[in-house]
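Report on the following structure.
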Amino acid sequence: MIFDGISIFEAIVLFAIYSFMGWIIEAVYRSISQRQFINAGFLYGPFIPIYGFGAAFIIILEFLIHHWPLPTKLIVYGIVLTLTEYFTGFIFEKVFKLNLWDYSDSRFNIHGRVSLLFSLCWTALALIFITFIHPAVLRHVQSQDGPFLHIVSIALVIYGATDFVFSIATITSFRKKIAYLYSEYFNLSDAEIENIFNSFRRLRSAYPNLRRYIDNNIDMEIKSRISTFLKSILSKIRLNMEGRKPFENEFYDMIKDIYMHDEFLKLKLHYHHNSSIYDHVMDVSYFSYRACKFLKLDSRSAARGALLHDFFLYDWRNHTVPDLPEEKNHGIEHPKIALANAKKHFILNAIEKDIIRKHMWPLTLVPPKYKESFIVSFADKYLASKEFVTKFKRNKDNHRVKKLPKAHQPRKKRRDN
Ligand SMILES: [Fe+2]
Ligand SMILES: [Fe+2]
């Protein structure tokens with residue numbers, strides 16, 4: 002007996018059962034919120050040990066303080082479970098640099114590791130657990146044959162240890178894989194890149210913050226390399242573009258079939274950052290064309306890909322069916338929609354497809370494959386932010402004019418009839 006009439010073998014089986022129940026709770030919660038099946042937790046198998054530990058703490062507490070008044074007991078449960086959750090999150094962040102969960106968006110959270118709402122939920126769950134679930138499960142486990150329990154618990158320990166070792170190895174190798182992926186990116190084939198991304202598909206869905214982690218830690222290196230390079234050429238390109246536009250004819254020749262196409266002209270009807278999508282894509286296209294010409298890259302593909310990069314025909318601030326259902330994220334979805342539209346009306350080469358599909362990188366996890374795609378992605382962000390600034394200034398000026406006392410407002414031109 003290790004505790005209150007529970008043998009070590011029974012304790013192992015109980016721990017596995019409660020970890021499994023925790024996995025069910027997490028898998029259901031995550032699968033519903035992400036609308037696809039998610040194998041939650043860091044283990045391969047269907048167990049989340051933090052629930053096993055939480056259950057163990059509640060069983061021990063109940064043994065020690067069962068005679069206390071219920072409200073006091075609930076406060077103690079809440080504090081112990083919150084501390085368990087906080088320190089598990091803390092250890093994972095420090096050791097594996099991974100966030101298993103993130104409550105930063107919930108109110109009253111501490112470092113995103115715990116939040117008031119979830120702590121209240123755990124406390125309520127603990128009460129249900131100790132009143133109804135544990136007594137029933139314990140009775141069932143203790144009614145099993147001794148030898149059967151021995152075999153099951155030994156098998157569980159062997160299985161648990163193996164799963165733990167493999168899962169830790171996966172998490173550790175994940176960082177190395179990402180580093181390798183980015184350092185060798187341009188030398189790898191599409192199939193190899195796809196393979197690497199697929200190898201941590203489960204990790205990606207199990208950890209809500211993996212995208213942010215990749216973005217913060219590893220993308221930084223490649224992003225800063227690219228942005229230093231681009232910034233250094235930006236001023237030269239601008240100088241080169243200012244004043245005369247000697248290449249305009251060549252540029253318009255390259256894109257004639259697109260910008261005069263009836264379907265493409267519909268982009269004029271959709272408002273984007275500060276003007277129509279049409280104006281925005283023409284600017285991004287011309288900028289990318291000049292940048293690629295300057296860098297002796299494929300300026301034709303850059304111009305055409307850039308022109309089609311936002312080829313979606315809906316209002317992204319207020320979208321509904323048919324192109325983009327309301328619940329979908331425009332930022333992530335619109336490159337796919339633009340690509341589908343572009344393919345419907347024009348013949349695209351590999352660079353042009355890559356430009357359209359990846360222009361929102363790093364929002365889309367897989368980085369661009371061609372230098373031209375990086376240029377367009379950069380040109381898009383650079384020009385979009387300029388467009389937002391102009392719009393913001395314009396709004397601010399309008400606002401200021403409205404706020405001025407009447408005597409200082411510019412006079413409206415009077416029509417003399
Ligand atoms: Fe876009
Ligand atoms: Fe854009």
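Each residue of the sequence shown is one higher than the one before, counting from 2 in my numbering.
Glycine included, C-beta positions come from ideal geometry on N, C-alpha and C.
Residue closest to residue i, alpha-carbon to alpha-carbon, out of the options
| i | options | result |
| --- | --- | --- |
| A170 | V96, I49, Y290, T89 | V96 |
| D146 | P369, L117, S8, F313 | S8 |
| P148 | V115, V14, H68, W102 | V14 |
| I111 | L84, N196, N40, L308 | L84 |
| L1 | Y78, T124, I348 | Absent from the model: residue 1. The displayed extent of the chain is 2 to 418, so no value can be given. |
| L128 | S144, P369, P72 | P72 |
| I25 | Y52, F91, M283, F10 | Y52 |
| I155 | A12, S200, E63 | A12 |
| I134 | D316, Y87, G23, D284 | G23 |
| S386 | I357, V285, Y315 | V285 |
| G113 | L121, C122, L126, E94 | E94 |
| F175 | V153, L121, N199, L157 | N199 |
| L126 | S302, Y272, K337, Y19 | Y19 |
| Y272 | K294, F295, L314, L121 | L314 |
| D316 | S277, M255, N250 | S277 |
| T132 | I92, I80, D103, H67 | H67 |
| V153 | F165, F10, Y371 | F10 |
| R31 | L101, K177, I172 | L101 |
| L366 | F109, P136, I197, A28 | I197 |
| I440 | C122, I92, S105 | Absent from the structure is residue 440, since the part of the chain shown begins at 2 and ends at 418. |
| Y87 | E27, K74, S105 | S105 |
Residues bridged to residue i (per DSSP)
| i | result |
| --- | --- |
| V115 | I111 |
| S277 | Y272 |
Cβ-heavy atom distance, residue i to ligand 2, below 8 Å
| i | result |
| --- | --- |
| D311 | yes |
| H281 | yes |
| A385 | yes |
| D355 | no |
| V285 | yes |
Ligand 1 heavy atom lying under 8 Å from the CB of residue i
| i | result |
| --- | --- |
| M361 | yes |
| P336 | yes |
| A339 | yes |
| D381 | yes |
C-beta atoms of residue i and residue j nearer than 9 Å
| i | j | result |
| --- | --- | --- |
| I33 | G42 | no |
| I76 | F130 | no |
| A343 | F312 | yes |
| I376 | L298 | yes |
| G1 | K354 | Look at the range of the chain in this structure, 2 to 418, and you will see that residue 1 is not part of it. |
| F119 | A56 | no |
| A304 | Y287 | yes |
| H335 | H262 | no |
| L308 | Y260 | yes |
| E373 | I352 | yes |
| Y160 | G46 | yes |
| G332 | L384 | no |
| L82 | T124 | yes |
| E388 | H310 | no |
| K359 | P368 | yes |
| V138 | L150 | no |
| T89 | F54 | yes |
| S144 | L44 | no |
| N350 | S302 | yes |
| A339 | I357 | yes |
| S107 | L117 | yes |
Cβ-heavy atom distance, residue i to ligand 3, below 8 Å
| i | result |
| --- | --- |
| S174 | Ligand 3 is absent from the structure shown, which contains only ligand 1 and ligand 2. |
**Study point:** Whole runs of the alpha helix (DSSP H) within the region 310 to 378, excluding any shorter than 4 residues
**Key:** DSSP runs (the alpha helix (DSSP H)) wholly in the region 310 to 378: 331 to 346, 351 to 359.
Check your understanding: Taking the runs of the alpha helix (DSSP H) that are 4 residues or longer, which of them lie wholly in the region 57 to 112?
Key -> 71 to 97
Review point. Of all the beta strand (DSSP E) runs that stay within the bounds of the region 130 to 156, which reach a length of 3 or more residues?
Key: none
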